[in-house]
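These notes are about the structure you will find just below.
Residue numbers (full-length UniProt numbering): 1 to 347.
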């Protein structure tokens, strides 16, 4: 396997992309079903949804490789992603033109198999969240009208962004975030192939920050390997621009012990001015709050404060202003914890 095509080094997400359904490291039930459909020539319209980096596009590309040879794929597979214009005109022109004609090749996993009754093409619409509602409504009729010639695979991150009429015409599969136990062997494999030195804490940091996103694991691993001789936890957190666990623990101590003014100044100096995104800090604090041994209603109050802060940041509010609000929420939580402690002593 080579990482170079026409003298250009491939990103590792492409170099190590699974080529067959057997190579896909997770979603065993989904891959079993897809294999059975391929073997029995009963592929339906499909809708793959779930978070990024969980194998949706990889799985359908593996299906395409199973159905068609490299030469056949040029005429039998139409793939459109977010970089393409996919308004209503594209549905009416490009997709309809492709769907109107029958394929010249036999449909089936074996390229030499000529016993199939129809030649079915494959249309892959990646990141369908970006399609307008008008385009989706036009697509609905196309899916229904040209079923004899074409099978559609709709891919999106959020099922709610796909109109019900398209959902009902497809067999739906949810691609959940990948289990760390399945991601870890892939890290070991890539590290061995690329001759990398990855420490145990570096691997743990990759798994922790990935959130089940294999694409992010490989991108961060590649970036860290180029910047540092050893991929350890500090290298990983440095590459993604997030505070280390030790820095997060220090931040939590500031929020639980310092006065309002001191806490705001320290967070501003040690975190905001260092370039850390407040939104990333909020996400990491959320996990730490759940680990704190405090009354449940205090926990719920802090979670609500974190959620409100994240929402305000998403619409463009000032980081420093939201930092002050966050410090205030923790000070109120400290008062409630003290009240609970006093109540326990008197009881």
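All residues carry an ideal CB built from backbone N, CA and C; glycine is no exception. This structure is a prediction, so every number in the text was calculated from the model and none was measured.
Secondary structure of residue i, DSSP reduced to three states
| i | result |
| --- | --- |
| residue 260 | helix |
| residue 171 | strand |
| residue 206 | helix |
| residue 14 | helix |
| residue 98 | helix |
| residue 25 | coil |
| residue 317 | coil |
| residue 49 | strand |
| residue 228 | coil |
| residue 197 | coil |
| residue 120 | coil |
| residue 43 | coil |
| residue 369 | Residue 369 falls outside the range modelled here, since the chain spans only 1 to 347, and no answer is possible. |
| residue 68 | coil |
| residue 144 | helix |
| residue 182 | helix |
| residue 79 | strand |
Residue closest to residue i, alpha-carbon to alpha-carbon, out of the options
| i | options | result |
| --- | --- | --- |
| residue 56 | 20, 132 and 263 | 20 |
| residue 202 | 171, 224, 288 and 159 | 224 |
| residue 327 | 81, 147 and 254 | 254 |
| residue 228 | 211, 198, 205 and 207 | 198 |
| residue 333 | 346, 283, 252 and 319 | 252 |
| residue 282 | 23, 248, 92 and 16 | 248 |
| residue 285 | 297, 244, 321 and 317 | 244 |
| residue 145 | 192, 95 and 211 | 95 |
| residue 15 | 131, 193, 171 and 170 | 193 |
| residue 340 | 294, 300, 317 and 316 | 294 |
C-beta atoms of residue i and residue j nearer than 8 Å
| i | j | result |
| --- | --- | --- |
| residue 174 | residue 214 | no |
| residue 38 | residue 66 | yes |
| residue 135 | residue 88 | yes |
| residue 11 | residue 222 | yes |
| residue 234 | residue 204 | no |
| residue 349 | residue 150 | Lying before the first or after the last residue shown, residue 349 is absent from the chain, which here runs from 1 to 347. |
| residue 76 | residue 103 | yes |
| residue 63 | residue 99 | no |
| residue 362 | residue 338 | Outside the displayed range of the chain (1 to 347) lies residue 362, so it cannot be described from this structure. |
| residue 13 | residue 78 | no |
| residue 200 | residue 161 | no |
| residue 298 | residue 336 | yes |
| residue 184 | residue 218 | no |
Sequence-distant residues of the same chain with beta carbon closer than 6 Å to residue i, five excluded per side
| i | result |
| --- | --- |
| residue 117 | For residue 117, the predicted structure reports a pLDDT of 33, less than 50, and the residue's modelled location is therefore unreliable. A value from the coordinates is still provided. Answer for residue 117: no residue qualifies. |
| residue 125 | 80 and 154 |
| residue 17 | 58 |
Beta-carbon contacts of residue i that lie in its chain and below 8 Å, excluding the five residues immediately before and after
| i | result |
| --- | --- |
| residue 365 | The shown model of the chain, from 1 to 347, leaves out residue 365, and the question about it has no answer. |
| residue 209 | 216, 220, 236, 237, 240 and 242 |
| residue 163 | 133, 136, 137 and 140 |
Min CB distance residue i to chain B below 8 Å
| i | result |
| --- | --- |
| residue 245 | Protein chain content of the structure displayed is limited to a single chain, and chain B is not contained in it. |
Close-in-space but distant-in-sequence residues of the same chain around residue i (CB under 7 Å, 5 per side omitted)
| i | result |
| --- | --- |
| residue 109 | Model confidence at residue 109 stands at a pLDDT of 45, short of 50, so the residue's coordinates are unreliable; what they give is reported in the following sentence. Contacts found: 38, 39, 66 and 67. |
> Would you call the stretch 276-289 and the stretch 308-316 touching, i.e. three or more CB-CB distances under 8 Å?
Replying inline: yes
* Asked: Are at least three pairs of beta-carbons, each pair with one atom in the stretch 152-161 and one in the stretch 36-49, less than 8 Å apart?
  -> Yes: the two stretches touch, three or more of their Cβ pairs being nearer than 8 Å.
Quick one: any contact between the stretch 252-263 and the stretch 299-307, if contact means 3 or more CB pairs under 8 Å? no
Quick test of the definition: if touching needs 3 or more C-beta pairs under 8 Å, does the stretch 179-197 touch the stretch 69-82?
no
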